[in-house]
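The working numbering applies: residue 1135 is where the sequence shown begins, and numbers increase by one.
Every residue, glycine too, gets a C-beta built ideally from N, C-alpha and C.
Only one structure is covered here, and it is reproduced in the block below.
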Amino acid sequence: MIKAVIDIGTNSVKYLLAEVCSNDKPIILKDMVKITRLGEGLSKTGRISPQALLRSAETAEEFVLDAKKSGAGEIRIVGTMALRTALNAADFMRRIWEHAGVETEVLSGEDEATLSFWGALSGFDPGNVKNCCMIDTGGGSTELVFAREGQIVSRSSLKTGALTLTEKYFSKDIVSQEDLMNAEDELKELFALTKPPFRAEMAVGIGGNVTAMASVFRRMERYDPTEVHGTILSEEEINRQIGEYSTKTGDERRKIKGLDPERADIILAGACVIRYAIQFCGCSEIVVSDRGLRHGVLLSM
């Protein structure tokens, strides 16, 4: 059976179409992402703006239409941080239902973390992933899952992400050292609110921020998920990229080889979150997975 997953994120809408057989791994037919900024301005107003709602809804509806044309027998739409917190989230979900005929399921932070974990690890040999921490840095939240021998020990969701942190500290074209220090101070305080259950041997990173950093590290002319998957980013490389992003203007960041120009304005915030997340896990590097929530949802269908 062909199945489809549409992940409505704070920063982007992701679409996964796959053929699923009972005993075999899913065959990925399409894996697409479009940056729509559903959570743009949400942290200030508490509401999804009309423009952001329209952008994201139209994208989701296009993906639903494509899934139906492709013969999908099951379509699941899931929402994350923006739809968990927006006062007018129901307006967005009503629009999707009226135009596409599919209900939107808003995941709790814990469910999002769990499904992201299983999705991320589906791309690795289980024998190589033992005592680990999965880090999912999204646009509006950051999910952390600690697992030992394949069993989840703890799940947590921090209310900070690349888009929300950018809007708070990095909205100017040139980032000041004061803004950078203030953002780092906030991250220190947030991560101090929870304690890791153990020191992880391995940190696995998912989401558009860490995959973008892997693409920059590899200086890719064109994004290749097979090349990005499994990339190891050292703390030294993460610090190097933070230094590069924080000293360039928006136009200069958009010209960085390997970086999607549409992500140039939020990549600094994403990199800062990732740096503190791996320190929180007790690791000095992060292994990048090109898989994530959408793959975990697919496995649960």
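Note to self: Could you compute how far the alpha carbon of A1337 sits from the alpha carbon of L1241?
What the structure shows: The alpha-carbon atoms of A1337 and L1241 are separated by roughly 23 Å.
Check: How many angstroms separate the CA atom of I1390 from the CA atom of T1383?
Finding: Distance between the alpha carbons of I1390 and T1383: 11 Å.
Margin query: If contact is defined by three or more beta carbon pairs under 8 Å, each pair taking one atom from either stretch, is the segment 1228 to 1245 in contact with the segment 1410 to 1419?
Written below: no
Next item on the list: Go to E1153, then tell me how far its alpha helix (DSSP H) extends in each direction, as first and last residue.
Entry: Note, E1153: premise wrong, no alpha helix (DSSP H); beta strand (DSSP E) at 1146 to 1153.
Note to self: Between C1155 and the ligand GTP, is there a pair consisting of the residue's CB and a ligand heavy atom that are separated by less than 7 Å?
What the structure shows: The ligand GTP is not part of this structure, which contains no ligands at all.
Margin query: Distance check for S1204 and N1210, CA to CA, integer angstroms please.
Written below: Position check: residue 1210 holds Arg in this sequence, whereas Asn was assumed. When rounded, the distance between both Cα atoms is 15 Å.
Margin query: Buried or exposed, going by whether 16 or more other CB atoms sit within 10 Å of the CB of S1418?
Written below: exposed
Check: What is the residue span of the beta strand (DSSP E) that T1170 lies within?
Finding: Note, T1170: premise wrong, no beta strand (DSSP E); not H, not E.
Next item on the list: Compare the C-alpha of V1147 against each of G1274, S1434, R1352, R1171 and name the closest.
Entry: R1171
Checklist line | Counted within 10 angstroms of its Cβ, other Cβ atoms place Q1375 as buried (16 or more) or exposed | finding: buried
Check: What residues in its chain sit with their C-beta under 7 Å from that of S1380, if we drop five residues either side in the sequence?
Finding: V1309, L1314, L1402
Check: Mapping DSSP to helix, strand and coil, what is V1362?
Finding: helix
Notebook entry, point to check: For M1135, does the count of other Cβ atoms within 10 angstroms reach 16, so buried, or fall short, so exposed?
Noted result: Per the 10 Å Cβ criterion, exposed.
Check: Between which two residues does the alpha helix (DSSP H) harbouring C1406 extend?
Finding: DSSP places C1406 in the uninterrupted alpha helix (DSSP H) bounded by 1401 to 1415.
Item checked: C-alpha gap between K1202 and V1362, whole angstroms -> Near 30 Å, if we compare the C-alpha coordinates of V1362 and K1202.
Margin query: Quick check: V1421 and G1392, are their CB atoms within less than 8 Å of each other?
Written below: No; because the gap between Cβ atoms is not below 8 Å, this pair is not in contact.
Check: Which value, in whole angstroms, describes the spacing of the CA atoms of T1300 and W1252?
Finding: 28 Å
Margin query: Give me the residue from A1348, K1302, D1165 with the minimum Cα distance to G1426.
Written below: D1165
Notebook entry, point to check: Q1311 to Y1303, Cα distance in whole Å?
Noted result: 11 Å
Note to self: The beta strand (DSSP E) that contains A1281, what's its start and end?
What the structure shows: 1276 to 1282
Notebook entry, point to check: If you draw a straight line from the C-alpha of A1334 to the C-alpha of R1409, how long is it?
Noted result: Those two C-alpha atoms are separated by around 15 Å.
Checklist line | Beta-carbon proximity check, F1332 vs R1282, cutoff 8 Å | finding: yes
Notebook entry, point to check: What are the residues that DSSP puts in a beta bridge with S1290?
Noted result: L1278
Item checked: Continuous alpha helix (DSSP H) stretch holding T1219: start and end -> 1215 to 1219
Item checked: For A1326 and R1189, the rounded distance between their alpha carbons -> 36 Å
Check: Looking at the structure shown, is G1377 part of a helix, part of a strand, or coil, going by DSSP?
Finding: DSSP places G1377 in helix when its eight states are reduced to three.
Item checked: Beta-carbon spacing of E1195, I1230 below 8 Å -> yes
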